[in-house]
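Read through the structure below, which is laid out as structure tokens, and then see the notes.
Protein chains: 2
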Amino acid sequence: MKPLKVAVLGCGSVGSQVVRLLDEQAGDLTARVGAPLELVGVAVRRLDAPREVKVPEGLLTTDAEELVTRADLVVEVIGGIEPARSLILRALDHGASVVTANKALLAADGPALYAAADLAARDLFYEAAVAGAIPILRPLRESLAGDRVTRVLGIVNGTTNFILDKMDTAGSGFAEALEEAQELGYAEADPTADVEGFDAAAKAAILASLAFHSRVTVDDVHREGISEVTAADVQSAREMGSVVKLLAIAELRGGEAGEAVAVRVHPAMIPRSHPLASVREAFNAVFVESEAAGELMFYGPGAGGSPTASAVLGDLVTVARNQLAGTRGPGESAYAERPVLPMGETVTRYHVAIDVDDRAGVLAAVANAFADQGVSIQTVKQEGRGLDAQLVVVSHSATDAQLAATVDQLRTMDAVREVTSVMRVEGGVE
Amino acid sequence: MKPLKVAVLGCGSVGSQVVRLLDEQAGDLTARVGAPLELVGVAVRRLDAPREVKVPEGLLTTDAEELVTRADLVVEVIGGIEPARSLILRALDHGASVVTANKALLAADGPALYAAADLAARDLFYEAAVAGAIPILRPLRESLAGDRVTRVLGIVNGTTNFILDKMDTAGSGFAEALEEAQELGYAEADPTADVEGFDAAAKAAILASLAFHSRVTVDDVHREGISEVTAADVQSAREMGSVVKLLAIAELRGGEAGEAVAVRVHPAMIPRSHPLASVREAFNAVFVESEAAGELMFYGPGAGGSPTASAVLGDLVTVARNQLAGTRGPGESAYAERPVLPMGETVTRYHVAIDVDDRAGVLAAVANAFADQGVSIQTVKQEGRGLDAQLVVVSHSATDAQLAATVDQLRTMDAVREVTSVMRVEGGVE
Ligand SMILES: NC(=O)c1ccc[n+]([C@@H]2O[C@H](COP(=O)([O-])OP(=O)(O)OC[C@H]3O[C@@H](n4cnc5c(N)ncnc54)[C@H](OP(=O)(O)O)[C@@H]3O)[C@@H](O)[C@H]2O)c1
Ligand SMILES: NC(=O)c1ccc[n+]([C@@H]2O[C@H](COP(=O)([O-])OP(=O)(O)OC[C@H]3O[C@@H](n4cnc5c(N)ncnc54)[C@H](OP(=O)(O)O)[C@@H]3O)[C@@H](O)[C@H]2O)c1
């Protein structure tokens with residue numbers, strides 16, 4: 001059988017492991033694809049940089065543009081917007097199928113790439129872009145294709161989960177936990193992309209698009225990171241039997257003008273009994289709610305060269321088989337064209353901790369502030385501490401605008417000394 | 001676009017929900033498939049039986065043989081060996097693609113069915129056959145196609161998990177927990193298929209075949225049920241920070257004569273820190289270990305009409321798309337042709353609790369029994385109780401034959417009053 005020519009663009013953490021597995025698993029890959037996969041080139045920026053893998057003589061090149069024109073299958077693991085985008089478009093244009101792990105690019109400009117894949121009648125697969133090794137995109141796109149997904153809750157960033165887990169289990173503050181994550185290689189020197197939720201937001205956009213068959217880009221995602229999560233927030237969560245997680249949330253919401261998609265990334269308290277609560281360290285997990293299947297969870301390593309390469313190679317086998325069969329897998333599915341709801345209209349719940357004067361009438365005043373905004377209260381806990389008291393209020397569901405306005409109003413009240421913690425609550429029973 | 005004709009064989013728990021979803025999701029299914037799915041008939045045994053769904057006028061039939069000849073896509077949810085097998089073969093022979101949830105049939109006679117699908121160049125998909133709604137077969141077959149799976153540990157029977165969970169959380173005995181499961185509809189009046197591990201064994205065979213690209217039938221699966229698990233076993237597990245679960249285990253094992261597959265179903269103690277330990281009630285979960293991806297877990301409802309129908313419809317969308325594109329998905333993959341290891345040669349670990357005389361030299365005698373069989377000991381815990389003592393021994397890994405011989409030898413020893421609990425240990429660190 002004639003081999004299929006494979007070009008790998010990038011030979012860093014992920015690319016080096018793709019190259020290694022292509023070599024080590026060659027026999028199995030041939031049997032599973034139905035033809036050998038022949039590595040024809042590996043594009044890098046620096047020819048002489050040290051590599052984690054021995055790339056066969058003569059295959060390293062800095063000319064990615066030329067390389068993609070002579071491959072049947074192109075693996076893009078450079079990352080970032082350019083030159084990744086141009087190279088993918090060029091590869092498709094030359095008749096190659098493409099596998100990529102590039103969440104940033106897909107979340108920023110997915111539709112243009114899917115359109116190019118359609119035009120070329122080639123596959124563009126990207127399982128590795130969300131939650132690393134965990135098969136989540138294929139299940140969403142294919143296994144649940146006969147069901148109606150209503151909600152996806154994901155822990156899709158290992159760095160932030162590691163930090164929040166340390167804050168929970170070791171009682172560390174944010175800065176200390178971040179430092180530990182950096183020492184252990186879980187966080188980068190500049191941790192902004194992870195800590196401020198940019199990485200998770202890109203993944204949330206991809207998950208929302210697939211789950212709801214609609215176009216969602218990273219600009220549609222309301223994003224809050226974890227840099228302002230305090231030890232007090234984590235403690236407050238603990239006291240109500242919850243844990244703080246950075247969640248990527250994509251929901252289907254009914255509305256007057258028809259169904260819409262709500263998509264956001266923010267820290268939230270979830271009950272310890274929720275399956276996502278026990279996701280430790282840098283692991284990822286995606287929890288899916290659908291009408292017929294009910295609640296599903298997918299759990300595993302969300303990053304790392306070798307796990308991510310596993311997901312890349314799974315896609316590679318599929319697109320290679322498709323190419324041999326002269327067919328392609330499912331392309332973009334955006335037929336539902338559901339609009340994205342603004343954050344203010346998104347329905348959520350708040351946990352608010354406030355220091356108040358310990359005197360009669362304060363609780364009533366606080367309760368009134370919630371009522372004024374039309375927010376009903378699920379629980380209030382009051383703890384006197386001498387002259388002042390702490391009130392912890394958990395609301396019922398309301399729009400984020402109503403809840404935010406309530407907090408604003410609390411801040412203006414005489415009896416309120418300080419709003420010490422505001423955090424959304426997810427995954428619970430109301 | 002010309003509709004694809006769908007025949008549903010069986011209209012019980014699963015079939016009725018398939019019929020419902022085909023109707024309720026018609027619009028979405030059309031958009032996802034690229035053509036409408038038209039229900040052309042529903043085969044049943046009794047035309048006048050009450051149904052959970054309103055089957056459109058004129059579609060119910062008792063002539064399944066005729067029905068399958070006029071469908072493009074056939075859903076088999078009758079169950080059992082015959083007439084399910086003949087109907088599937090007939091459907092394929094007439095050019096239909098088939099989706100089934102029938103684990104018993106696949107585990108007994110899969111290869112003949114796959115061969116018929118190959119011959120007909122049609123799809124035979126069966127995601128619903130293992131772990132109900134949980135997408136596990138597709139991830140194994142496709143997402144991990146570029147990786148090397150080394151082990152699959154599954155809780156794939158909800159009835160037995162419910163019973164063991166009750167024994168753990170409520171301290172019930174087996175009979176009492178079974179009765180509760182029956183009252184709540186989790187166990188059938190004749191619970192043999194579940195309780196004695198037959199159902200899990202069928203699923204283990206299917207998982208092993210896919211994970212290791214080899215033919216494994218239910219006859220290859222060593223099977224032990226949970227009817228002999230006692231409250232004392234569960235208590236013993238609890239004391240060592242473990243929990244008893246009925247596991248379906250499929251492993252790749254190196255050996256002198258090359259790699260082999262070990263596949264078995266039995267109760268085992270797993271540490272409470274293991275992700276499978278927190279699978280409660282009738283939920284299912286499958287834990288997969290692979291070389292590149294590491295550890296993955298898939299969790300959700302393992303049964304129920306509507307969850308199972310979700311998995312059936314996911315397959316139906318794929319095979320419908322394939323049929324429109326004139327292609328088919330991956331067929332049987334048995335190229336590795338790995339032999340199945342007999343249980344005696346399978347490597348495992350034992351937890352053994354024994355009542356012994358409380359006198360000097362007994363511990364040494366017991367330790368010698370292990371040593372005689374070449375089994376090394378990880379931990380021994382001795383608890384004096386007056387005249388007698390309880391010894392709890394956890395072994396290191398050894399073949400099942402060595403471990404079983406050790407237990408036999410213990411039973412013959414003068415100082416041993418009774419072997420009170422013997423159970424395998426899985427999922428731990430040695
Ligand atoms: N790392 C993970 O755990 C992980 C997980 C999921 C997804 N991803 C995604 O996978 C992709 C790759 O990540 P990574 O961690 O492997 O990145 P990385 O370690 O930084 O590697 C990037 C590679 O791309 C090469 N490169 C950069 N610019 C290039 C250019 N203009 N032409 C050709 N090659 C160029 C680099 O060459 P030199 O080596 O010569 O500098 C390097 O080999 C990203 O999209 C990332 O988001 C990564
Ligand atoms: N139930 C679950 O949760 C679940 C989960 C995973 C997989 N499965 C699998 O799904 C399959 C169906 O299970 P189920 O629970 O839906 O079974 P069920 O409730 O017993 O339904 C079986 C259906 O098949 C029909 N039937 C029986 N013999 C027939 C024949 N000779 N010709 C035509 N129709 C016939 C019955 O007709 P009448 O209604 O007229 O008697 C009934 O509608 C089985 O393979 C099972 O292992 C079930």
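First to last, the sequence lines map onto chains A and B. For the first sequence, UniProt numbering gives the first residue as 1, with consecutive numbering after it. For the second sequence, UniProt numbering gives the first residue as 1, with consecutive numbering after it. C-beta atoms are modelled at their ideal positions from N, C-alpha and C, and glycine is treated no differently.
Could you tell me which of the options sits nearest to residue i, measuring between CA atoms?
{"i": "B:I163", "options": "B:A112, B:V234, B:D219, B:R141", "result": "B:V234"}
{"i": "A:P301", "options": "B:G305, B:E295, B:Y299, B:S306", "result": "B:E295"}
{"i": "B:V221", "options": "B:P339, B:M269, B:F298", "result": "B:P339"}
{"i": "B:A336", "options": "A:T30, A:Q390, A:A320, A:L22", "result": "A:T30"}
{"i": "A:A303", "options": "A:I155, A:A108, A:D72, A:I270", "result": "A:I155"}
{"i": "A:A201", "options": "A:F212, A:D168, A:A248, A:T348", "result": "A:A248"}
{"i": "A:T346", "options": "A:L252, A:A84, A:A293", "result": "A:L252"}
{"i": "B:A84", "options": "B:G314, B:V8, B:E291", "result": "B:V8"}
{"i": "B:V348", "options": "B:V362, B:A250, B:D72", "result": "Reading off the sequence shown, one finds Thr at residue 348 of chain B, where the question assumed Val. That would be B:A250, whose Cα lies nearest to the Cα of B:T348."}
{"i": "A:K245", "options": "A:V286, A:T217, A:A211, A:T150", "result": "A:V286"}
{"i": "B:L73", "options": "B:A64, B:A96, B:E66", "result": "B:A96"}
{"i": "A:L137", "options": "A:S13, A:M297, A:V33", "result": "A:M297"}
{"i": "A:I81", "options": "A:L67, A:R417, A:L105, A:V243", "result": "A:L105"}
{"i": "B:P267", "options": "B:E291, B:H274, B:E228", "result": "B:E228"}
{"i": "B:D358", "options": "B:R385, B:V380, B:I377, B:T308", "result": "B:R385"}
{"i": "A:L316", "options": "A:V33, A:G27, A:E24", "result": "A:V33"}
Take residue i and list the residues in its own chain whose beta-carbon comes closer than 8 Å to its own, dropping the five residues that flank it on each side.
{"i": "A:P191", "result": "T159, L178, A181, Q182"}
{"i": "B:L59", "result": "L39, V40, G41, V42"}
{"i": "B:A189", "result": "Q182"}
{"i": "A:S172", "result": "K166, E180, A231"}
{"i": "A:P3", "result": "A35, P36, L37, E38"}
For ligand 3, is there a heavy atom less than 7 Å away from the beta-carbon of residue i?
{"i": "A:P83", "result": "Of the ligands this structure carries, namely ligand 1 and ligand 2, none is ligand 3."}
Whose C-beta lies closer than 6 Å to the C-beta of residue i among residues of the same chain, with five residues either side of it excluded?
{"i": "B:G225", "result": "V195, E196, G197"}
{"i": "A:P111", "result": "R215"}
{"i": "B:H351", "result": "M269, V394, M423, V425"}
{"i": "B:V53", "result": "S16, V19, R20"}
{"i": "A:T69", "result": "H94"}
{"i": "A:R223", "result": "G197, A201, V265"}
{"i": "B:R151", "result": "E251, E289"}
{"i": "B:D199", "result": "N157, A193"}
{"i": "B:S333", "result": "H213"}
{"i": "A:A211", "result": "L140, V149, V152, A250"}
Is it buried or exposed for residue i, if we count other Cβ within 10 angstroms and need 16 for buried?
{"i": "A:L22", "result": "buried"}
{"i": "A:T406", "result": "buried"}
{"i": "B:G329", "result": "buried"}
{"i": "B:D414", "result": "exposed"}
{"i": "A:I354", "result": "buried"}
{"i": "A:G185", "result": "exposed"}
{"i": "A:G427", "result": "buried"}
{"i": "B:N161", "result": "buried"}
{"i": "A:D219", "result": "exposed"}
{"i": "B:R321", "result": "buried"}
Please list, in chain order, all residues of the same chain as residue i whose beta carbon is under 7 Å from its beta carbon, the five residues on each side excluded.
{"i": "A:C11", "result": "V19, V42, V44, R51, V55"}
{"i": "B:D165", "result": "R280, E281"}
{"i": "A:L47", "result": "L60, T62"}
{"i": "B:A364", "result": "none"}
{"i": "B:E383", "result": "A389, Q390"}
{"i": "B:S242", "result": "M269, I270, P271, R272"}
{"i": "B:A120", "result": "L92, D93, G95"}
{"i": "A:V362", "result": "V356, A415"}
| task | Could you say if the segment 125-138 of chain B and the segment 96-104 of chain B meet the contact criterion of at least three C-beta pairs nearer than 8 Å? | result | yes
| said: When you compare the segment 363-374 of chain B with the segment 395-406 of chain B, are there three or more beta-carbon pairs, one atom per stretch, that lie closer than 8 Å? | reply: yes
| query | Are the segment 198-206 of chain B and the segment 253-261 of chain B touching, with three or more C-beta to C-beta distances below 8 Å? | reply | no
| Would the segment 77-94 of chain A and the segment 114-124 of chain A be scored as touching if the rule is three or more Cβ pairs under 8 Å? | yes
| Inter-stretch contact at 8 Å, needing at least 3 Cβ pairs: the segment 236-249 of chain A / the segment 408-425 of chain A | yes
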